[in-house]
Structures are given as structure tokens and as C-alpha cells.
Amino acid sequence: MRWFARAAGAPAHPPPPPQRGRAWLVLGLCLTLAACGSGGWYVVDPTLPNGRSNLNFMISGFWYTIQLSAMALVLSIPAGLLIALCGLSSSRPLLWLYRGYVEVIRAIPLFVLILWVYYGLPDLDIRIALFWSGVVALAIGESAFMAEIFRGGIQSVPRGQLEAAKAISLNYPDTMRYVILPQAIRRILPALGNQFIYVVKMSSLVSVIGAPELTRKANELIVTEYRALEIYTVLALEYLVLVLVLSAGVRWLERKMGADERKA
Amino acid sequence: MQCSDFCLGFGEGGKMQPIIQVRGIDKRFGDFQALSGVSMEVSAGEKIVVCGPSGSGKSTLIRCINRLERHDAGEILVDGVGLDDRTADQVRREVGMVFQQFNLFPHLSVLRNLTLGPMRVRGLSVAEADAKAMEYLTRVRIPEQAEKLPTQLSGGQQQRVAIARALCMEPKIMLFDEPTSALDPEMIAEVLDVMAELADSGMTMIVVTHEMGFAKRVADRMVFMDKGEIVETAPPAQFFSTPQTQRCQTFLNQILSH
């Protein structure tokens, strides 16, 4: 218990401040216990040759999941922004387009959208490759939510900003690019971060059409190993890692963009 | 040059052609008639102070002149250009505006607030725009604040930055919409001083304000508005000493009594 005394500083004083390392210690302990106990943890045991090859097989889905989610995000952000701008215009047809798009897309379960794009569209002679079917379905489903977030963010920028931009004769694209969006994005970053995480998680649904991403890999492994608990636990941890990295990235962005505002 | 042009331009004892012509404009917001049949002419270099009770339409009037509001009827000519959706950008390039709430861009430094318009609208290079910005920041006496963010400045400083931002576009006309109403009393003078200097330099100005001291010092003409109409217009000396209407008299009594 030497570390305890050192952490406490002076002896006979209240407990030491909580340490970040301890959470990991507990987690590791649980996993070790579980692995030692009865069950089939050997199928994912990195110390065994078979476990290692199983883990490698599961991990090989990472890159596909990352590409899939990243592409979907990259497409859904400009799409969402464009739809939001329709919703903010004063033209009736554009407003209808916006309302219609958001209401319809939001109402379709992502799972159904994926099936519709991959199995439905070919009946209309629109054939999209497996990867891009996943990307398109995720991006479309996501763009409706992005649109609402963008619209809210843009509307939250005080009206005076738009008027000041007009008063110096800035045109609409420049007003958006230099005045409104920089202020809007700072406000919606936490909400966007949520959506980023959501997309990564929802990419698991693309496994249904056979895309070789993380969830699909896990399912394939279960067919040969018959150990659902162990394999799905590892799968959950894989998503945990992805999401933790992503949310750290979003926090970094928030700090970077919020820095100016805090200085103020 | 045709005779009619000549007469319009320099006839009537050398009087210049008006740079702003407002002819019978109406503006309603839902059921509220903000302006009804307002007409006004402003000559180049003239300083107009518009006053009147709140809700009288004075802000709406100047917001119509750079089309932050669309007028419902009548016409507005700015520097000879009829104002509509098509010409709004063209007109705004010649018309600077200063707002009650400053409306500086909070995410941009003072310098970038000033250079955005010149660079994106006038096509100036960074160096040219920076030089111009520093020139106008010096004119409003805060060149040392160039790298700060607007929120790090006092209200009076922010409003002077807003004036400099408008001037960087080299407008022919400046509109001021209650520029000192959101300021603490001790900061009003520094903003009014800058405005008075601008007036001395020959700028055409329309100022909506309750600062009657400033009006007496600077205005060529006072315009009194009430209920969406121009009730009275006169040179300041006459306006303050012998108001012609009861409404104007009541207003002046209220505003000058304390």
C-alpha cells in the first residue's frame, strides 16, 4: 500500500484524489476474471494461436467501418447544410422541398433505408456497389438530422449579424461562409459530435447487406465458433474504442474553436 | 449634356441634385403601419437628424434606404439608382450603416471585421485592405485594438469599430440607427465626437438619435417623425426654438426637460 500513502501526500489524511488509471485497472480486472472463469473466452484469447487469429479476423473489419462512416459523414455534412439552407430560404418550393425531405427521411428506419438502397433500387436499374450502398443509405438517413441541426445553429446566430453583412454588401455565399457559419458551427459542434458517434454505431446495420465491417465479421466468426457472449463483447469493445477516439477528436475541435470565445 | 440634366444638377442657385430621394413610401409589418407616404430628399453632403417617439418609423425609414427592409409602395432612389431586390447590393456598396447594437462579427478580430467587406466586395488584397483598415481605425482613434476581438472592447470602442467598418467600404452615404442608445453615458461622447468629425469631412449622413446636443451641433436639417409620417422638417435653430406642430412640441418638451 505504499502507492496509497504517496498519493495521499501527508499521512493520516483523507483518501487520495481519484486517479484516471484506476478505472482502467478495474476494467482490466473484470476482463481478466471473466477470461479466467468458465466460458469460452479462449476463442478471443490473444495468448492462444486460435484466439489471436480470431481477434485478427474481427479487427480486420475496423478499416471498413471507418471508411464507411467517414464517407457517410463527409457526404451527409454538405448535404445536410444544403437542405438546411433550403429550409431557411424564403422561396416556397424550397421550403416544401426541405420539409418533405426531412419528414420523409427522418421517418424511414435506417435499416429499411439500407435494404431499400441495396435490394430495392436495382429493380429500377440503379445498381450501387456494396460499399457505396452503405455509404449512400447512411448519408441520406443522416443528412435529415444534420439539416435540422444546421438550421437550428444558423437560426441561433443573431439577426444583426446577417444585417451587418448585408450592410457591407456581402453576397449570400460570402455571408454564410465568413459570418454566419463560423458562428453557427461553434454552437452546434456538441450536437454534431453526437451525430458523428451515431453514424459510426449505425454503420453496424450495413452488415445486413453483407458489408465486411466489424459487426459482419463478428457474426461470421460466431457461425464457426458458437461463442456469442465473448465475440459480441469484443465487438462492443471495438465500437467503444472507435467512439472514444471520435469523441476525443470532437472535444479537441470544441476546444480549438471555443478558444476564441473563451478569451472574449 | 441636356439642359434638363444641367438644370436638375446645378439649377436653383447651385443646389445639388439630391443623392437620396424617397418618394411616398409605405411599409407595414402585419397590421402595423410603420411608414405611410414618407417622402424626403437629401442632398450630397447634407446631415439629417431624424427624431421622434419610439415606434414612429424612424429606424424603419433608414433601414429602407439600404433595403434591410423592403418598402411596400413608393420608390427610393439612391445616387440615381432605383432601389429594388436587383439593385440592393449595388446601393449598399455606397451606403454605410451603423447599428444600435454594433453588430460586429464576434468571431473575427477588429482588423478582420474591417477588411472583410473591402476584400470580398471591393476585391482588395490583404495588404491593401489592412492598410485601409488601419487608416480608418486611426481615424476613430483605436488603431492599437486591431488584433483584439470585439468583445474585448468597451461599448464605445465597439461602436467606433463599427463606424470604421462601414467607412472602409468608402460609402457616399452613412446611416446611423440610434448609434449611442446602447452605450453607457460616459461612452456616448467618444462616439458622437467621431461622428461629428465625419460630418465635418463632408459625408452625407442620416442619423436617428435622441442626442439633441449632437443634432444642434451637426444637423443641417431636423426631421421629426410620428406614427409613420414625417411631421416636421426644419433647420435645427428653427426646429428647436419654434416647432410648428403640437406633436413636435410635446416630444421636444419630453426629451429636453431632463
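Protein chains in written order, with numbering that gives the first Met the number 0: chain A, 0 to 263; chain B, 0 to 257.
We put the beta carbon where it would ideally sit given N, CA and C, even for glycine.
### Message
For a test of the three-state rule: what should DSSP assign to GLY212(B), helix, strand or coil?
### Response
Looking at GLY212(B) - three-state DSSP - the assignment turns out to be helix.
### Task
Tell me, please, whether the segment 167-187 of chain A touches the segment 115-126 of chain B by the rule of three or more beta-carbon pairs shorter than 8 Å.
The segment 167-187 of chain A vs the segment 115-126 of chain B: in contact.
### Message
Tell me which residues of the segment 172-187 of chain A have at least one Cβ-Cβ distance to chain B shorter than 8 Å, keeping chain order.
### Response
Those residues of the segment 172-187 of chain A that come within reach of chain B (Cβ to Cβ, closer than 8 Å) are ASP173, TYR177, VAL178, PRO181, GLN182 and ARG185.
### Every unbroken alpha helix (DSSP H) inside the segment 40-122 of chain A [4 residues or more]
The segment 40-122 of chain A contains these whole alpha helix (DSSP H) runs: 48-58, 61-87, 91-106 and 109-114.
### Message
Below 8 Å on C-beta distance, what does ASP88(B) contact in chain A?
### Response
Neighbourhood of ASP88(B) in chain A, by CB distance below 8 Å: SER168 and ASN170, in chain order.
#### Entry: Which of helix, strand or coil DSSP assigns to GLY81(B)
Reduced to three states, the DSSP call for GLY81(B) is strand.
### Local Cβ density within 10 Å of ALA164(A), reported as buried at 16 or more and exposed below that
The Cβ neighbour count for ALA164(A), taken over all protein chains shown within 10 Å, is at least 16; the residue is labelled buried.
### Task
State the Cα-Cα distance for the pair ARG62(B) and ILE127(A), rounded to the nearest angstrom.
Going by C-alpha positions, ARG62(B) is about 52 Å away from ILE127(A).
#### Entry: Min CB distance ALA22(A) to chain B below 7 Å
No, because no Cβ of chain B sits closer than 7 Å to the Cβ of ALA22(A).
#### Entry: Straight-line gap, ASN53(A) to TYR118(A) (C-alpha atoms, nearest Å)
ASN53(A) and TYR118(A) have their C-alpha atoms some 31 Å from each other.
### Message
Are the CB atoms of VAL207(B) and SER58(B) within a distance shorter than 7 Å?
### Response
It is a contact, given that the beta carbons lie within the stated cut-off.
### Query
Using a Cβ-Cβ cut-off of 7 Å (strictly less than) and excluding sequence neighbours within five positions of LEU255(B), which residues of its own chain qualify?
Excluding sequence neighbours, LEU255(B) sits near MET211.
### Task
Consult DSSP for SER142(A) and reduce its assignment to one of helix, strand or coil.
In this structure, SER142(A) counts as helix in the three-state DSSP scheme.
### Query
Three or more C-beta pairs closer than 8 Å, one from the segment 217-226 of chain A and one from the segment 241-252 of chain A: is that the case here?
Contact between the segment 217-226 of chain A and the segment 241-252 of chain A is absent, with fewer than three C-beta pairs closer than 8 Å.
### Query
How would you list, in chain order, the residues of chain A whose beta-carbon sits under 7 Å from the beta-carbon of GLY116(B)?
Chain A residues near GLY116(B): ILE167, SER168 and LEU169.
#### Entry: Segment limits, alpha helix (DSSP H) that includes ARG62(B)
Here the alpha helix (DSSP H) through ARG62(B) covers 57-64.
### Task
Would you decide whether ASN49(A) is buried or exposed? Buried here means 16 or more other CB atoms lie within 10 Å of its CB.
Exposed: under 16 other Cβ atoms inside 10 Å.
### Message
Determine whether the beta carbon atoms of VAL156(A) and ALA183(A) lie at a separation below 7 Å.
### Response
The Cβ atoms of VAL156(A) and ALA183(A) lie closer than 7 Å to each other.
### Message
Counting only Cβ pairs nearer than 7 Å, list the residues of chain A close to GLY120(B).
### Response
For the sequence presented, residue 120(B) should be read as Val rather than Gly. Listed along chain A are ILE167, SER168 and LEU169, each with a C-beta nearer than 7 Å to that of VAL120(B).
### Query
Is DSSP giving GLU253(A) helix, strand or coil here?
Correct three-state label for GLU253(A): helix.
### Task
Pull out every residue of the segment 196-228 of chain B whose Cβ sits closer than 9 Å to any Cβ of chain A, in chain order.
Per Cβ criterion, the list is empty.
### 8 Å contact criterion, which ILE18(B) and SER42(B) should meet: CB distance rounded
About 6 Å separates the Cβ atoms of ILE18(B) and SER42(B), confirming a contact at the 8 Å cut-off.
### Query
Counting contacts by CB-CB distance shorter than 7 Å, is MET186(B) in contact with chain E?
Among the protein chains in the structure shown, which are A and B, there is no chain E.
### Task
Could you name the residues of chain A that MET96(B) contacts, counting a contact when the two beta carbons are closer than 7 Å?
Simply ALA166.
### Query
By a C-beta neighbour count over all protein chains shown, 10 Å radius and 16 as the cutoff for buried, is PHE175(B) buried or exposed?
Classification of PHE175(B): buried, given that the 10 Å Cβ count is 16 or more.
### Query
Whose CA, out of VAL139(B), LEU110(B) and LEU148(B), lies closest to the CA of ALA128(B)?
Out of VAL139(B), LEU110(B) and LEU148(B), LEU110(B) has the C-alpha closest to the C-alpha of ALA128(B).
### Query
Can you list the residues of chain A that MET168(B) reaches, using a CB-CB cut of under 8 Å?
Within chain A, the C-beta atoms nearer than 8 Å to that of MET168(B) come from ILE167 and SER168, in chain order.
#### Entry: PHE5(B), DSSP secondary structure in three states
Because PHE5(B) sits at a pLDDT of 43, beneath the cut-off of 50, its placement in the model cannot be relied upon, and the point is left open.
### Message
Against chain A, with Cβ distances strictly below 7 Å, would LEU67(B) count as a contact?
### Response
With 7 Å as the cut-off, LEU67(B) counts as an interface residue toward chain A.
#### Entry: Own chain residues within Cβ distance below 6 Å of ILE172(B), not counting five before or after
Take ILE172(B), set aside five residues on each side of it, and the residues of its chain with a beta-carbon closer than 6 Å to its own are VAL94 and THR203, in chain order.
### Task
Specify, as a first and last residue, the run of the alpha helix (DSSP H) that PHE238(B) falls within.
Start and end: 235-240.
### Task
Apply the 10 Å Cβ neighbour rule to PHE98(B) and answer buried if 16 or more other Cβ atoms are within range, or exposed otherwise.
By the neighbour-count rule (16 or more Cβ atoms within 10 Å), PHE98(B) is buried.
### Message
Counting only Cβ pairs nearer than 7 Å, list the residues of chain A close to GLN100(B).
### Response
Neighbours of GLN100(B) on chain A, chain order: GLY159.
### Task
Using a threshold of 7 Å, state whether the C-beta atoms of LYS216(A) and MET57(A) are closer than that.
Cβ atoms of LYS216(A) and MET57(A): closer than 7 Å.
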